[in-house]
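In this text, residue positions in the sequence shown follow my numbering: the first is 212, and each later residue adds one.
Using N, Cα and C, we set each Cβ at its ideal position, and we do this for glycine too.
Given the structure is predicted, the values throughout are model-derived calculations rather than measurements.
Worksheet: the structure to be examined is printed underneath.
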Amino acid sequence: MAVSYSEALAAYKRVAEQAKVQPPKAEGTQAITSDFAQMLRSAGEDAIQDVKGGERMSLAAAAGKADINDVVMAMSQAERTLQTVVTLRDKAVQAYQQIMRMPI
């Protein structure tokens, strides 16, 4: 599906007007970039903590020191987090490949 630049710009403006959000200005780009970077960093750290929590609970269960329900919940959370991270990575790779295929 090919979308022209003007159609994309018009769609962005419609969404911005509906949400009553002003498009970012050039002088605020640094703040937006750091906020986005901070959000990604925080999400990555949370994902790491979820996976480590699942590992800790698994080791505790192997040692006989954890309730099986807690282990299942922690492993389920870790698995869901890992699936989310993998999906986001795949989408980012697809977006990059799509950008690389765009004609200049």
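Kindly indicate which three-state DSSP category residue i falls into: helix, strand or coil?
i	result
Asp-278	coil
Ile-259	helix
Met-313	coil
Measuring only the C-alpha atoms, how far is residue i from residue j?
i	j	result
Glu-266	Ile-310	37 Å
Gln-305	Lys-276	43 Å
Leu-299	Asp-246	19 Å
Val-296	Val-282	21 Å
Val-262	Ile-315	42 Å
Val-232	Ala-248	Low confidence applies to Val-232: its pLDDT is 49, below 50, so where it sits in the model is not reliable enough to give any reading.
Gln-288	Ala-303	23 Å
If contacts are defined as beta-carbon pairs under 8 Å, then residue i and residue j qualify, I think. What distance do you get, rounded to the angstrom?
i	j	result
Met-268	Met-286	7 Å
Ala-258	Thr-292	5 Å
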